[in-house]
Amino acid sequence: MGLTLTLPLLLPLVAALLLFAVRTRRRASHALAVASATAALVASVVLLVVVLRDGIAVIAIGRWPAPYGIVLVADILSAAMVTVCALVTWATVVYATAWIDRSRESAGFFALVFVLLFGVNGAFLTGDLFNLYVWFEVMLMASFVLLVLGVERGQVEGGIKYVALNLLSSTLFLTATGILYGISGTLNFADLSRVLASADPRIVSVVAVLFAVAFGIKAGVFPLFFWLPASYHTPPVPVSALFAGLLTKVGVYALVRVFTLLFVHDPGWTHRILLSSAAATMLTGVLGALAQQDVRRILSFHIVSQIGYMVMGLALLTPLGLAASVFYIVHHIVVKTNLSLIGGLVERPGGTGSLARLGGLFRTRPWLGVLFLVPAFSLAGIPPLSGFVAKLLVIRAGLEAGAYLVTAVAIVVGLLTLLSMLKIWNEAFWKESTDRPVATDRLPLRLVLPTVVLATVTVALGVFAEPILRLAHQAAGQLLDPEAYRTAVLGTTAHAASAREG
0 MGLTLTLPLL LPLVAALLLF AVRTRRRASH ALAVASATAA LVASVVLLVV
50 VLRDGIAVIA IGRWPAPYGI VLVADILSAA MVTVCALVTW ATVVYATAWI
100 DRSRESAGFF ALVFVLLFGV NGAFLTGDLF NLYVWFEVML MASFVLLVLG
150 VERGQVEGGI KYVALNLLSS TLFLTATGIL YGISGTLNFA DLSRVLASAD
200 PRIVSVVAVL FAVAFGIKAG VFPLFFWLPA SYHTPPVPVS ALFAGLLTKV
250 GVYALVRVFT LLFVHDPGWT HRILLSSAAA TMLTGVLGAL AQQDVRRILS
300 FHIVSQIGYM VMGLALLTPL GLAASVFYIV HHIVVKTNLS LIGGLVERPG
350 GTGSLARLGG LFRTRPWLGV LFLVPAFSLA GIPPLSGFVA KLLVIRAGLE
400 AGAYLVTAVA IVVGLLTLLS MLKIWNEAFW KESTDRPVAT DRLPLRLVLP
450 TVVLATVTVA LGVFAEPILR LAHQAAGQLL DPEAYRTAVL GTTAHAASAR
500 EG
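Position 464 of the sequence shown, counting from 1, maps to 463 under numbering that gives the first Met the number 0, and the rest follow consecutively.
See the structure below:
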């Protein structure tokens, strides 16, 4: 069990060190990067299988028991997140071997990708707040270097906005963590969920707002999202794809974790704030996308709008709402990464993503048009793709909870999302254009294969949704049962504490 739980951290760390050592040897670097990504994917699948079979997995680092030592914890949600993130990392690494130039590779691009994965997996598997902060900082350092690697003016400007807002988020996160430790004397998630039940609810509410703002910035929710569309379109396509698939989802995961395990003392207030923010996030994101005329900027704004659906499921705090949120996160990681990768293929012939300068792609590359339509229609919620199931779950959860206004917003945003995807289709694929070179060159298999794999997963998630739906409902059940989490992490300590409080 211990090796199974630690491999998703050890493999990316070892891979990053080895890749940095061979960064100037291109063929060796490519082979090692793909092999490492494959190994990480296999290890994550094994972890998910073990968690589904045996329940919540826990390991105490250095054999220091919780809540005093550092613990790694994998429940269904965290194991599923590790698995789907490993999948899109594999796809992005394969794609990057044919896209990233030699200078960026020599600067350590592939090593940084695995440092980023190391931080992402650590955030999913950590069992305490302070180490969550540490893993966020690992992610921030790796992502900032990836953002500005190769230094172009747009990248530096986007990087400054990205780092400034994320540093603000980290400051708020650390401040809230300090206050929480001051009132509870612990930072272990399981122990905090026990102690906060008897803490002053007014102080807990203030801390909850601080965490909502800190994680809201990282997730890109309204009104804290403006750094995202200003920076995500600036780096190379594989970096944008990684960011789209991974980074904001870690922020959403953190919101889900703390607002189901820690801050459930007054959901009529805290979760109502999240629900209002979710509606505004959906609406402003999609309106921003409709106003854009560049493929990558449109896709960046859609990251924002889709985050709103995930936060809506959390804010409802019902079994169906949380299951919808879990399914939506898994679906969106796959779809958004794939759209970013395909967006790169759309831009490649003319070296531009401007819709005014694109056109005629369906005539020269009809297969690319089909590949684009799969994730594009899934993002909009067209059956039988994964996005239809995800949106249907969210809408059903909203109706069952009586959140009619937010549900109406979710439906309208889905229609507007379809409109913006059709805009890209019409301008880039359907209309004729004489302003750019006709795409006649054959694309390398390493660019096409990852998009085909992710498109296949998108179709499978929709057509064969039942197993993933069962997984999502199981994950929701664990999130709504903090006692199971406490017992897994604290063992008899949790029972003894509960008995004393009783």
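Beta carbons are placed, not taken as given, at the ideal position from N, Cα and C, and that holds for glycine.
Leaving aside the five residues that flank Ala85 on each side, the residues in its chain whose CB is nearer than 7 angstroms to its CB run, in chain order, Ala39, Leu40, Ser43. Shown here, Asp293 sits in a strand according to DSSP, grouped into three states. Asn425 is the residue among Arg25, Gly250, Asn425 whose C-alpha sits nearest the C-alpha of Ser353. Contact between the region 297 to 308 and the region 274 to 289 is present, with at least three C-beta pairs closer than 8 angstroms. Pro66 is classed as buried because its beta carbon has at least 16 other beta carbons within 10 Å across all chains shown. For Leu478, the enclosing alpha helix (DSSP H) begins and ends at 465 to 478. Inter-residue distance for Val334 and His264 is about 35 angstroms (C-alpha atoms, whole angstroms). With 16 or more other CB atoms across the displayed protein chains lying within 10 angstroms of its CB, Tyr327 is buried.
For Ile341, the enclosing alpha helix (DSSP H) starts and ends at 318 to 346. Beta-carbon to beta-carbon, Pro318 and Gly476 are separated by about 7 angstroms, close enough to satisfy the 8 angstroms threshold. If you draw a straight line from the Cα of Leu173 to the Cα of Val205, it is about 14 angstroms long.
Under the three-state reduction of DSSP, Thr351 is assigned to coil, being neither helix nor strand.
DSSP places Val451 inside the alpha helix (DSSP H), whose first and last residues are 444 to 462.
Beta-bridge pairing by DSSP links Asp53 to no other residue. Contact between Ala379 and Thr416 holds: CB atoms are separated by about 4 angstroms, below the 8 angstroms threshold. Here Ala454 has Asn337, Leu370, Val373, Pro374 as same chain residues with Cβ atoms under 7 angstroms from its own Cβ, once five neighbours each way along the sequence are excluded. Among the bridge pairs identified by DSSP, Asn187 is matched with Asp127.
Within the same chain, and ignoring the five residues on either side of Ser142 in sequence, the residues whose Cβ sits closer than 8 angstroms to its Cβ are Leu115, Tyr161, Phe242, Leu246. As far as DSSP is concerned, Val310 takes part in no beta bridge. Between the beta-carbon of Ser275 and that of Ile216 there is about 17 angstroms, and that puts the pair past the 8 angstroms contact cut. Relative to Val393, the option among Arg256, Thr406, Asp190, Leu384 whose CA is nearest is Thr406. Secondary-structure assignment with DSSP links Leu273 through no beta bridge to anything. If you draw a straight line from the Cα of Ala213 to the Cα of Thr280, it is about 16 angstroms long.
Between the region 51 to 58 and the region 225 to 232 there are fewer than three C-beta pairs closer than 8 angstroms, too few to call the two in contact.
For Val45, same chain residues with a beta-carbon under 7 angstroms away, outside a window of 5 residues either side, are Thr3 in chain order. Less than 8 angstroms divides the Cβ of Pro237 from the Cβ of Thr91. Residue state for Ala240 is assigned as helix, using DSSP reduced to three classes.
Residue range 1 to 20 is occupied by the alpha helix (DSSP H) that includes Ala15. Between Val451 and Leu384, the C-beta gap is not smaller than 8 angstroms, which leaves the two residues out of contact. If you look at Ala73, you'll find it in the beta strand (DSSP E) that goes 70 to 73. Around the Cβ of Tyr403, a 10 Å sphere holds fewer than 16 other Cβ atoms; the residue is exposed.
When beta bridges are read from the DSSP output, Ile423 appears opposite no residue.
Under the three-state reduction of DSSP, Ile58 is assigned to strand.
Around the beta-carbon of Leu139, 16 or more other beta-carbon atoms lie within 10 Å, marking it buried. For Ile410 and Ser324, the gap between their C-alpha atoms comes out near 16 angstroms.
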